[in-house]
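Trainee: Right, I'll just put the structure down here and ask away after.
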Amino acid sequence: MTKTTIIKTITSILLLLAWPTMSAPLAAGIMQNQHLTLIILVGVVTTATLLYLAVSNHKTKRALRALRHSEQRLKSTVEGSGDTLWDWNIRSGEINRINDKFMMDTTPGAHLIPNASLIHPQDLPLVEKQLKLHFAEKTAFFEATYRVRNSLDQYHWVLDKGKIIAKDENLNPLRMTGTIRDINHLKSTEERLNLFAKCVESLTDAIAIYDHAFRLVDLNPSYIRIFGGVREQYINTEFKLPGYDAQFIRQIKAALKKSEHWQEELKLYDQTGTMLPIEISIDEIKNNHGHITNYVVVFSDLTERKKAESQLHNLSNRDRTTGLPNRNLFFTNLKKLVDQKRDHALLVFDLDNFKKINDSLGHQLGDSLLAKLAMRLNKLCRQQDTFYRLGGDEFALVMSGTNDIHTITKAAKQFLAVIATPFKMANHELVITSSVGIVLFPEDGSTPEILLKNADTAMYHAKQKGNHYLFFNDSMNEQAVKRLQIENLMRFGLKEDHFVVYYQPKMDIATGALVGMEALVRFITPKKGVISPGLFIPIAEETGQIVEIGEVVLDKACKDVKRWIDQGLFNGRVAVNLSARQFSLPDLTARIDLILQKNQLPSYFLELEITEGTVMDDPQEAISIMRSLSSRGIHLAMDDFGTGYSSLAYLKQFPLNTLKVDKAFVDDMNTERGCNMVDSIVTIAHNLGLHVVAEGVEHEEQLHQLQRLNCQTIQGYYYAKPLSAQEFEHFLRSQHSEKPSLQLVN
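Take the sequence shown: its position 3, counted from the start at 1, is 646 in my numbering, and no numbers get skipped.
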């Protein structure tokens, strides 16, 4: 190719490149002068190229800025959404993430699933399954919910969604992008909702949910169980209650508008047609704007609760043994009568000596006897009367609508006669009696408590006569007040040490020497002075305070005797009375042992006096207790012999050391019959090998008579009245300094 040809070719190319920017005359001139044209065109093309490159570079920079801006906006959007954006190169295994809050691994791994080591082992199979389904084009998107471990080694629930966006020529996936969303809080909410849903479904109460227009939206299985049918027949129906008209439903809706809650117990039929007691409660459900969206209606079947309440009512108001209304119901019903100011009479029954039946034949037989007695007496009641068991062996009859003395007296006599009719039980014929106290309303009290208290007072006085009834009067009340005062005085006296021990000497008739003494309790109060034992001891026996009083006496007596023995003033025995209450204590011997040990007094110096009536309550048990005491070296004396109707058969079994002749027999020795009685007692005692002590000896003639009858020991005012501890110590010293004499000590 020639030089000219080359120039022409280059010129043509340049012209073609520059042609669009040239004017027509310029183009014609260039064609005529090709050399000049070549130079010019080269300059033009160079300039155009430079201009093009400059413009192109500017556009590129602007595009890059736009891209960076777009990327920043995308990143901000992702960060704002809280999601993690991921891009996975499937072939290399590399994965890039934006806003990676879980700090996942970005290096390629051997496992098909990225970050398989961070996914909860239980969730890994599900993730793998969903990924394989998407790779096999069986799902448009990959989607899986699983737990992933974060940098704090805690598992969080996430929602992972993605899609394959690039494949090779063989349609194998090359690239996949998607997002991971933290749904831990949503999962917690979901679990709570599921839990609540399960709770609602498992509730025994029927639940129905209505919309704001009171059309049924949903219900739980218990609704179907109670009312029958199928769910579909109830959905979208209006709220109604079978057996109740539309007016009642409108009243419920009106009440809800005022209080947002309605609750009432109604009677509704179940699916079997049985009427059930059902408590219905309705509550409003409001949205965040305070608008009502739903109503929740709960139907609570009260059948079982009503049964339980009935049983509880019977348990709390009925006596188990007799089936009679109990003390609780007694006060409830009596208060109604008092509040209504209706005339009525209250009769309180207390069985006499019922404890003996329980102790001798057992409580089971005693309860059976009470049940039979209740059946008998309940049949005697008029229709308007009610018979109650107040507790133990105490009953009450409330005669409503009358305070006629004749009617009440007739009822009391009938009851006493029926009670006294023998019972045949367990091969025994049992006879019991009762004492009855009667009060009238309103004459004898204005409250149930006062009426019962006064009836008890009248019954207490009737018991002194036995198998008797008494109406309450004011004098009884005065005596009851005095009795209460003495109770309180004894309680205070025990606390303040107002019980003291006096000693009455026991003298040998033959020698006049002191052989022992009896410890006697005295109750000396600062304000009331000396209170007679005949007054406070019976009350102490009834209240049980005699146990503590008896222990005080025994303790003080042992302490005094130990001191006198140590001083060489005394070498006999001190006799201490043992009450019936003390004798029945299961730990009696342990209590006595403790007091003897406390005072370091040998048991040889102690004699316990037990009344004939006490041991005859239960002779076999008494023998067992007495043997236990006797085995300790304690002497035993039977006090008041001849007054308790003891049999000789038992008397010879009792491990006694001494028999005491009661003062009543000593006082009666001025008659032949009385003297013969004492002679018989002394003879019996000697035949049984017992020592005899006569008490209450006040005259010399009595002394000589007892001496002729071979009575060995006497005590009484003839020798000395009961002496305080200080006075008795002087008496002991005088016995040592003077010869024994049989003179009266004033």
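A virtual CB, placed ideally from N, CA and C, is assigned to each residue, including glycine.
1) So, do the stretch 1156-1167 and the stretch 1356-1376 have three or more beta carbon pairs nearer to each other than 8 Å?
2) At the level of alpha carbons, what is the spacing between residue 1376 and residue 1212?
3) In the DSSP assignment, what residue or residues form a beta bridge with residue 739?
4) Where does residue 768 land, buried or exposed, given buried means 16+ other C-beta within 10 angstroms?
5) Rounding to the nearest angstrom, what Cα-Cα distance links residue 1254 and residue 1348 in this structure?
6) Any idea what DSSP makes of residue 794, helix, strand or coil?
7) Among 853, 1320, 1333, 1245, whose alpha-carbon lies nearest the alpha-carbon of residue 1299?
8) Which runs of the alpha helix (DSSP H) at least 4 residues long sit entirely within the stretch 983-1012? Give them in chain order.
9) Is the stretch 1264-1273 touching the stretch 1228-1237, taking contact as three or more C-beta pairs under 8 Å?
10) If you check the beta carbons only, do residue 1084 and residue 1198 fall under 9 Å apart?
11) Quick check on the DSSP output: what are the complete alpha helix (DSSP H) runs of length 4 or more inside the stretch 1169-1235, in order along the chain?
12) Is there contact between the stretch 1130-1138 and the stretch 1177-1196, where contact requires at least three CB pairs shorter than 8 Å?
13) What three-state label does DSSP hand residue 1377 in the structure shown?
14) May I ask you to report which of helix, strand or coil DSSP gives residue 1058?
15) Identify whether residue 1242 lies in helix, strand or coil by the three-state DSSP scheme.
16) Determine the direct distance from the alpha carbon of residue 935 to that of residue 927, and round the result to whole angstroms.
17) Give the DSSP-derived three-state secondary structure of residue 867 in the structure shown.
18) Is residue 1089 near residue 1110, with beta carbons less than 9 Å apart?
19) Quick check: what's the CA-CA separation for residue 1206 versus residue 1339?
20) Is the number of C-beta pairs between the stretch 1028-1045 and the stretch 964-978 that are closer than 8 Å three or more?
21) Flag this pair as touching only if the stretch 940-955 and the stretch 1060-1069 have three or more C-beta atom pairs under 8 Å; answer yes or no.
22) Considering only residues of the same chain and omitting the five flanking positions on each side of residue 1137, which have a CB-CB separation below 6 Å?
23) Out of 902, 921, 916, which has the shortest C-alpha to C-alpha gap to residue 908?
24) Assuming residue 867 contacts residue 860 (C-beta within less than 8 Å), just tell me the rounded distance between them.
25) Once DSSP output is grouped into helix, strand and coil, what is the label at residue 942?
26) Going by DSSP, name the residue or residues bridged to residue 786.
27) Using 9 Å as the threshold, is the C-beta distance between residue 1102 and residue 1094 below it?
28) Rounded to whole angstroms, what is the Cα-Cα separation between residue 1099 and residue 982?
29) Any idea what DSSP makes of residue 828, helix, strand or coil?
30) In the structure shown, what three-state DSSP assignment does residue 951 receive?
31) Out of 815, 760, 1278, 1262, which one is the CA nearest neighbour of residue 775?
32) Let me know the alpha helix (DSSP H) ranges lying completely inside the stretch 1096-1123, each 4 residues or longer, listed in chain order.
33) Helix, strand or coil: how does DSSP classify residue 857 here?
34) Using the Cα positions of residue 995 and residue 1106, report the straight-line distance between them to the nearest angstrom.
35) Which residue marks the beginning of the alpha helix (DSSP H) containing residue 875, and which one marks its end?
36) Apply the 10 Å Cβ neighbour rule to residue 1390 and answer buried if 16 or more other Cβ atoms are within range, or exposed otherwise.
Mentor: Based on what the coordinates show:
1) yes
2) 7 Å
3) 730
4) exposed
5) 25 Å
6) coil
7) 1333
8) 997-1004
9) yes
10) no
11) 1176-1186, 1188-1209, 1223-1226
12) yes
13) helix
14) helix
15) helix
16) 7 Å
17) helix
18) no
19) 27 Å
20) yes
21) no
22) 1191
23) 921
24) At roughly 15 Å, the Cβ-Cβ gap does not stay under 8 Å, so residue 867 and residue 860 are not in contact.
25) strand
26) 804
27) no
28) 22 Å
29) helix
30) helix
31) 815
32) none
33) coil
34) 7 Å
35) 874-877
36) In this structure the chain extends from 644 to 1389, so residue 1390 is not present and cannot be described.
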